[in-house]
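Peer 1: For the protein sequence lines, the chains are U and E, in the order given.
This note's numbering puts the first residue of the first sequence at 1, with every later residue one more than the last.
This note's numbering puts the first residue of the second sequence at 707, with every later residue one more than the last.
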Amino acid sequence: MAQIFGYSGKILRVDLTTGKISTDETLKYKDFIGGEGMSMKIMWDEVDPGTKAYDAENKIIFGTGPLCGTGVPCSGRTNITSLLPTSPFNGVSSSHMGGYFATELKYAGWDMIVVEGKAANPVWLRIEDEKVTIEDARWMWGKGIFDTQAMVASFMGKEAQAAAIGQAGENMVNLSVIRTGASHSAGGHGGVMGSKKLKAIGVRGTGSVKIAGDRKDWMELDKFMMSIIGANNQMVVPTTPQPWAEFSDKSSRWTARKGLFWGAANPPVETGECNPKDMQSVGLRTQKAIFDLGPGAEKYTVRMGGCSHCPIRCHSQLKVPQLEKYGMDPYVANTCVGWSGPRGVMFNGIKDFDGHGEDSNIVGNAIGTTLADDYGVWCNYAQIGRDLKYCWDKGVFKRVLPADEYASIPWEKLVKGDATFLIDFYDRVAFKKGEFSHIGDGSAAIALRWGLGDDYWNDKNGKLWTRGGYPVHHSNEAGAQVGALISCFSNRDAQNHSHMNFIGSKLPIKIQKEIAGEIFGSPDALDPPNDYKPMNTFKARFAAWALKRSILHNSLTVCNWMWPMSVSHDKERGYRGDTGLEAKFFSLATGIKMTEKELDEAAARCFTLFRAITVRQMGDADLRAGHDHMNKWITKADKDKEGKEIPQFTPGTIQMTEEDMALAQTMLYREFGWDEKTGAPTRASLEMYGLAGVAEDLARRKLLPS
Amino acid sequence: MSDSTEKREGEGLLGKQTSRRDFLKYAGGGLAGALAMITLGCATTVRTREGRELRVWATPAGALVHDPNRCVGCKRCEVACTVRNDGKASAHISRVKVSRNLNFGVKGVSSAYAKADGQLGNFRIVAETCRQCEKPACGNACPTGAIHADRKTGARVVDARKCVGCGACQTACPWHIATLDRETMISTKCTTCDGDPVCAKACPTGALKLYPIAEAEKLLWGADVVSGATA
């Protein structure tokens with residue numbers, strides 16, 4: 001076989017019904033880049049419309065891409081694609097996890113794992129380089145994710161990495177995760193593994209990923225990237241004034257400064273000035289614990305963790321001795337919504353409880369995160385807490401729960417902010433105990449089950465974006481129509497940071513608008529925060545670019561929580577980044593020459609195929625009406641203190657209008673060449689992307705727009 | 707490539723091994739020539755007045771030391787190492803060993819894993835580095851003399867042209883730092899990258915540093931130890 005670069009060249013296929021293990025070739029899917037793109041192709045080819053998430057016929061695909069394992073900064077991501085249980089039509093969707101699983105899989109010689117069928121008894125998958133076996137997991141079944149990983153490593157050796165489900169996934173709780181390492185979760189697909197009785201995948205790789213280009217060129221490109229990379233979410237401005245920095249912004253995640261420590265390290269490690277020219281301080285820039293949990297978290301911080309080959313460490317790793325009071329180990333880690341999701345269940349906040357005083361919030365967060373991470377419960381991007389609050393406020397629980405069950409729930413703890421409520425809460429959800437546990441079914445399911453109507457979907461505090469049952473995730477509050485558009489296409493929260501890693505950089509808006517002009521053709525692609533203007537074509541171009549880059553990153557696989565490098569901290573570069581870096585790394589890694597434009601076109605092909613799968617699954621080409629519509633709170637004008645409406649597109653409000661968003665969607669569809677009326681891919685657009693077979697299939701089903 | 711002009715083939719399996727200090731104590735005949743070899747940086751075998759064979763190693767200039775307190779486990783050191791030295795990305799053959807201890811520490815999985823070293827325990831990350839030993843077990847075990855002291859740095863390096871892929875070095879090293887690349891069947895071990903190690907340059911927190919050998923020995927072995935690999 002000819003030498004393959006970047007890719008490992010092999011896809012592992014496992015049929016749990018028959019026990020058959022086989023090998024497929026990666027490069028026959030190369031038009032779809034890798035990871036999410038290739039997974040969409042496999043889902044299109046092999047999973048029939050009408051298949052449900054928990055059916056044996058559903059497939060779950062663990063995907064890496066050609067940059068994973070090469071050492072490209074921030075390239076440790078695993079993409080997981082399957083049908084999503086929380087989607088009302090079980091739409092295809094992707095979840096992602098960081099950590100070290102993906103690189104280990106590449107070094108074992110596999111680009112992807114495609115799992116289908118359903119085992120008769122619990123099993124786990126053991127991958128040691130080319131040797132793959134299906135192992136008995138009956139003894140693992142019932143264990144939490146931490147113990148499961150330890151058990152896998154006890155069989156395979158300490159070097160092994162594992163991805164596993166907890167009790168929530170086993171019990172097919174819709175809101176469940178697949179998790180690896182200390183704190184890396186892919187939310188939404190845990191139940192799919194559970195339905196297949198697949199408890200875990202262990203992998204150990206002693207091979208390598210070959211790089212096509214000259215090693216000196218590769219090292220130079222890496223050096224360049226390291227010279228422009230920022231802090232978490234590519235924030236390039238420090239929180240506090242620094243001698244090297246022209247700007248500072250209190251809301252930045254570049255929190256490092258003299259006098260700020262990893263306080264529980266022994267001895268404590270000072271984050272320091274972090275001059276960007278000092279490459280040995282890049283990993284100290286983001287002291288995320290104080291950002292996520294407040295200044296009191298500094299003394300609990302052991303270090304910052306993260307993923308393979310990423311110099312930006314965004315996971316706070318804490319020692320919270322108070323956890324031992326609850327029979328938990330004192331070490332707990334996570335980032336962003338990994339903390340705030342469980343915390344959000346405590347919708348009245350966490351108050352002083354059990355004598356923890358001013359540290360109650362941190363202890364409460366640590367309890368919630370420990371429980372969610374070990375049981376493997378997903379928060380649906382913090383929606384589970386908002387759903388709990390809505391149902392509490394509206395008396396839903398009193399209405400739908402049996403009286404004895406209602407009486408057994410320690411509501412008083414929830415109301416007064418005692419975080420030990422979480423112990424009871426997660427036990428009910430993970431083990432599907434009682435009617436209450438259906439809160440873990442997800443928003444669309446509880447709306448149906450508990451009769452939640454328009455008031456639920458249109459509640460502004462509820463933040464539900466569409467009736468698909470998922471919430472905002474950098475939506476209209478992030479770049480006006482750009483963020484709003486981005487949120488309309490996935491079958492779950494958008495998980496898109498292509499725009500955030502630019503407009504969240506904390507650079508002054510004047511500089512951001514200049515850069516937007518260079519990338520998207522006009523500074524009008526970007527509005528200042530809280531000062532929105534009506535839709536224009538440049539915003540559509542920005543949104544399309546963000547959507548393409550997201551699926552590109554999930555295909556390469558690099559982290560869309562850092563990439564693209566649109567901006568930098570470098571004043572000498574005018575704070576410009578380099579949006580062509582993905583193509584440069586791709587070309588050097590694989591030996592397949594691709595320009596930035598060509599790679600974006602390949603990403604558009606992948607995204608259009610995802611769109612086509614959605615059409616076929618819904619059985620309706622009118623996605624504008626049936627899929628992309630937004631809940632009404634988004635387009636409802638705010639009111640001032642006197643109750644008077646604040647007109648949209650005036651300073652101080654971020655609300656959209658129905659007419660403007662309809663125009664925005666039309667413009668976005670146009671960017672991809674889709675039908676402007678329905679938002680469905682047309683025959684011409686599918687053929688343009690090299691998807692003529694897809695067009696034929698949709699035509700046979702009468703699902704091409706007329 | 708070894709610069710030794712004296713006996714090399716199979717020398718690691720034969721006579722007693724020694725360091726330069728031992729050599730100066732014991733060596734008799736051929737002293738001037740042997741000293742010249744050591745100064746240039748090499749490994750050589752000489753015979754004492756009593757007829758004993760001594761394997762003599764030049765003193766290395768420095769060695770890498772890892773600080774578990776600062777390490778964030780990104781593994782950029784590992785991949786920088788193998789890209790520079792092997793033209794490919796790998797964890798297993800990296801001369802800096804982070805991956806193998808990442809989740810469960812040096813000692814591996816135990817029932818008390820949640821409080822032990824590693825990302826699934828107390829988060830402490832203990833990497834293992836080549837100590838450029840005074841009496842390198844890897845070099846002394848090599849049956850072909852492929853491992854020698856680099857002329858410039860004194861680092862114990864592998865001559866790929868002489869390596870037969872037997873894995874004796876990997877077995878002999880108490881920390882199993884030398885690693886056989888199963889794709890090339892050639893052993894890999896730390897060269898210190900000609901005294902400018904890319905792993906240290908790639909480390910985003912300054913957890914990996916090249917120290918002068920005397921200082922490195924203190925940090926790796928002595929009262930000033932910081933390396934968790936020693937503990």
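Ideal Cβ positions, reconstructed from N, Cα and C, are used throughout, including at glycine.
None of these values were measured; they are calculated from a predicted model.
Along chain C, in chain order, which residues have C-beta atoms closer than 7 Å to that of isoleucine 211/U?
Peer 2: In the structure shown, chain C cannot be found, because the protein chains are U and E.
Peer 1: What is the rounded straight-line gap between the Cα of asparagine 380/U and the Cα of arginine 790/E?
Peer 2: Position 380 of the first sequence, counted from the start, is the residue given in the question as residue 380/U. Position 84 of the second sequence, counted from the start, is the residue given in the question as residue 790/E. Each residue's Cα considered, the two are about 42 Å apart.
Peer 1: If you draw a straight line from the C-alpha of glutamate 923/E to the C-alpha of aspartate 865/E, how long is it?
Peer 2: The residue labelled residue 923/E in the question sits at position 217 within the second sequence. The residue labelled residue 865/E in the question sits at position 159 within the second sequence. The alpha-carbon atoms of glutamate 923/E and aspartate 865/E are separated by roughly 25 Å.
Peer 1: Which same chain residues end up closer than 6 Å to glutamine 481/U when comparing Cβ atoms and leaving out the 5 residues on each side of it in sequence?
Peer 2: Counting from 1 along the first sequence, the entry for residue 481/U is found at position 481. If we look at glutamine 481/U and ignore the five residues flanking it on each side, its Cβ neighbours are Met535, Lys539, Ala664.
Peer 1: Identify the continuous beta strand (DSSP E) that holds leucine 886/E and give its terminal residues.
Peer 2: Position 180 of the second sequence, counted from the first residue, corresponds to residue 886/E. Where leucine 886/E is concerned, the enclosing beta strand (DSSP E) stretches over 885-887.
Peer 1: Within 8 Å, do at least three Cβ pairs link the segment 71-81 of chain U to the segment 298-308 of chain U?
Peer 2: At 8 Å Cβ cutoff, the stretches touch.
Peer 1: Which value, in whole angstroms, describes the spacing of the CA atoms of arginine 624/U and lysine 641/U?
Peer 2: Taking the first residue of the first sequence as 1, we reach residue 624/U at position 624. Taking the first residue of the first sequence as 1, we reach residue 641/U at position 641. If you take the alpha carbons of arginine 624/U and lysine 641/U, they lie about 35 Å apart.
Peer 1: Distance check for tyrosine 456/U and tyrosine 390/U, CA to CA, integer angstroms please.
Peer 2: As a working note, residue 390/U is residue 390 in the first sequence. As a working note, residue 456/U is residue 456 in the first sequence. Going from the Cα of tyrosine 390/U to the Cα of tyrosine 456/U covers about 8 Å.
Peer 1: Identify, in the order they occur along the chain, each residue of the same chain with its Cβ nearer than 8 Å to the Cβ of valine 123/U, setting aside the five sequence neighbours on each side.
Peer 2: Within the first sequence, the letter at position 123 stands for residue 123/U. Only Leu16, Ile134, Glu135, Asp136, Ala137, Lys197, Leu198, Lys199 meet the Cβ criterion.
Peer 1: Taking a cut of 8 Å between CB atoms, which residues from the segment 41-59 of chain U lie near chain E?
Peer 2: Here the close residues number zero.
Peer 1: At least one CB of chain U closer than 9 Å to the CB of cysteine 899/E: is that the case?
Peer 2: Reading the second sequence from its first residue, position 193 is the one you call residue 899/E. So no, cysteine 899/E is outside the interface.
Peer 1: Look up methionine 656/U in the DSSP assignment and say whether it is helix, strand or coil.
Peer 2: As a working mapping, residue 656/U is identified with position 656 in the first sequence. In the structure shown, methionine 656/U sits in coil (DSSP, three-state: anything other than H, G, I, E or B).
Peer 1: Going by DSSP, what residue range makes up the beta strand (DSSP E) through lysine 196/U?
Peer 2: Within the first sequence, numbered from 1, the residue matching residue 196/U stands at position 196. No beta strand (DSSP E) holds lysine 196/U; DSSP gives it neither H nor E.
Peer 1: Using 9 Å as the threshold, is the C-beta distance between leucine 914/E and cysteine 780/E below it?
Peer 2: Mapped onto the second sequence, residue 914/E falls at position 208. Mapped onto the second sequence, residue 780/E falls at position 74. Cβ atoms of leucine 914/E and cysteine 780/E: not closer than 9 Å.
Peer 1: Any contact of the segment 364-372 of chain U with the segment 399-412 of chain U, i.e. 3+ C-beta pairs under 8 Å?
Peer 2: Touching, no, given that fewer than three Cβ pairs across the two stretches are closer than 8 Å.
Peer 1: List, in chain order, every chain U residue whose beta-carbon is nearer than 8 Å to that of arginine 801/E.
Peer 2: In the second sequence, the residue the question calls residue 801/E occupies position 95. Ordered by position in chain U, no residue passes the 8 Å Cβ test against arginine 801/E, which lies about 14 Å from the chain.
Peer 1: Below 8 Å, can you find three or more Cβ-Cβ pairs linking the segment 107-116 of chain U to the segment 58-71 of chain U?
Peer 2: At 8 Å Cβ cutoff, the stretches touch.
Peer 1: In the DSSP assignment, find the beta strand (DSSP E) that holds proline 705/U and state where it starts and stops.
Peer 2: Within the first sequence, residue 705/U is the residue found at index 705, counting from 1. That residue, proline 705/U, is in no beta strand (DSSP E); it is neither H nor E in DSSP.
Peer 1: Take valine 337/U as the anchor and find which of Pro49/U, His474/U, Glu273/U, Glu270/U has the nearest alpha-carbon.
Peer 2: The residue labelled residue 337/U in the question sits at position 337 within the first sequence. Checked all of Pro49/U, His474/U, Glu273/U, Glu270/U; the closest Cα to valine 337/U is His474/U.
Peer 1: Contact criterion: CB-CB distance below 9 Å. Does tyrosine 917/E meet it with respect to chain U?
Peer 2: In the second sequence, the residue the question calls residue 917/E occupies position 211. Not an interface residue.
Peer 1: Under the rule that 16 or more other beta-carbon atoms within 10 Å means buried, what is asparagine 361/U, buried or exposed?
Peer 2: Position 361 of the first sequence, counted from the first residue, corresponds to residue 361/U. Buried, because 16 or more other Cβ atoms sit within 10 Å of the Cβ of asparagine 361/U.
Peer 1: Please classify glutamate 220/U as buried or exposed, where buried requires at least 16 neighbouring CB atoms within 10 angstroms.
Peer 2: On the first sequence, position 220 is the one that residue 220/U refers to. So glutamate 220/U ends up on the exposed side.
Peer 1: May I ask you to verify whether the segment 849-860 of chain E touches the segment 884-901 of chain E, counting CB pairs closer than 8 Å and requiring at least 3?
Peer 2: Verdict: yes, contact present.
Peer 1: For alanine 56/U and glutamate 246/U, what's the separation of their Cα atoms in angstroms?
Peer 2: By 1-based counting over the first sequence, the position of residue 56/U is 56. By 1-based counting over the first sequence, the position of residue 246/U is 246. C-alpha separation (whole angstroms): 57 Å.
Peer 1: So, is the C-beta of cysteine 777/E closer than 9 Å to a C-beta in chain U?
Peer 2: In the second sequence, residue 777/E corresponds to position 71, counting from 1. Yes - at least one Cβ of chain U is within 9 Å of the one on cysteine 777/E.
Peer 1: What did DSSP end up calling lysine 118/U once you bin it into helix, strand or coil?
Peer 2: On the first sequence, residue 118/U is found 118 positions in, with the first residue counted as 1. Reduced to three states, the DSSP call for lysine 118/U is coil.
Peer 1: With a cut-off of 9 Å, does the C-beta of leucine 741/E fall near any C-beta of chain U?
Peer 2: Numbered from its first residue, the second sequence carries residue 741/E at position 35. Bear in mind that a pLDDT of 49 at leucine 741/E, under 50, signals an unreliable position, so the model cannot answer this.
Peer 1: Can you check DSSP and say which residues form a bridge with arginine 753/E?
Peer 2: Residue mapping note: residue 753/E aligns to position 47 of the second sequence, counting from 1. Paired residues: Glu759/E.
Peer 1: Return yes when the Cβ of cysteine 68/U is within less than 9 Å of the Cβ of glycine 98/U, no when it is not.
Peer 2: In the first sequence, counting from the first residue as 1, residue 98/U sits at position 98. In the first sequence, counting from the first residue as 1, residue 68/U sits at position 68. Contact: no.
Peer 1: Going along chain U, which residues have a C-beta under 7 Å from cysteine 909/E?
Peer 2: Stepping through the second sequence from its first residue, residue 909/E is reached at position 203. Those within 7 Å of cysteine 909/E in chain U are Gln280.
Peer 1: For tryptophan 927/E, which of helix, strand or coil comes out of DSSP?
Peer 2: Position 221 of the second sequence, counted from the first residue, corresponds to residue 927/E. Residue state, collapsed to three classes: coil.
Peer 1: Does the segment 271-283 of chain U come close enough to the segment 223-241 of chain U that 3 or more CB-CB pairs lie under 8 Å?
Peer 2: Counting Cβ pairs under 8 Å, three or more are found: they touch.
Peer 1: For the putative contact between histidine 772/E and alanine 843/E, defined by C-beta atoms under 8 Å, what is the C-beta separation to the nearest angstrom?
Peer 2: What you label residue 772/E is simply residue 66 of the second sequence in a count that begins at 1. What you label residue 843/E is simply residue 137 of the second sequence in a count that begins at 1. So it is not a contact: roughly 20 Å between Cβ atoms.
Peer 1: Please confirm whether leucine 770/E has its beta-carbon closer than 9 Å to some beta-carbon of chain U.
Peer 2: Sequence index remark: in the second sequence, residue 770/E carries index 64 (1-based). No, leucine 770/E does not count as interfacial toward chain U.
Peer 1: Counting C-beta neighbours from all protein chains within 10 Å, is the total for asparagine 171/U 16 or more, i.e. buried, or is it exposed?
Peer 2: Counted from its first residue, the first sequence places residue 171/U at position 171. Its Cβ being crowded by 16 or more others within 10 Å, asparagine 171/U is buried.
Peer 1: If you count every other CB in all the chains shown that lies within 10 Å of the CB of glycine 619/U, and 16 or more means buried, which is it?
Peer 2: The residue you call residue 619/U lines up with position 619 of the first sequence. Its Cβ having fewer than 16 others within 10 Å, glycine 619/U is exposed.
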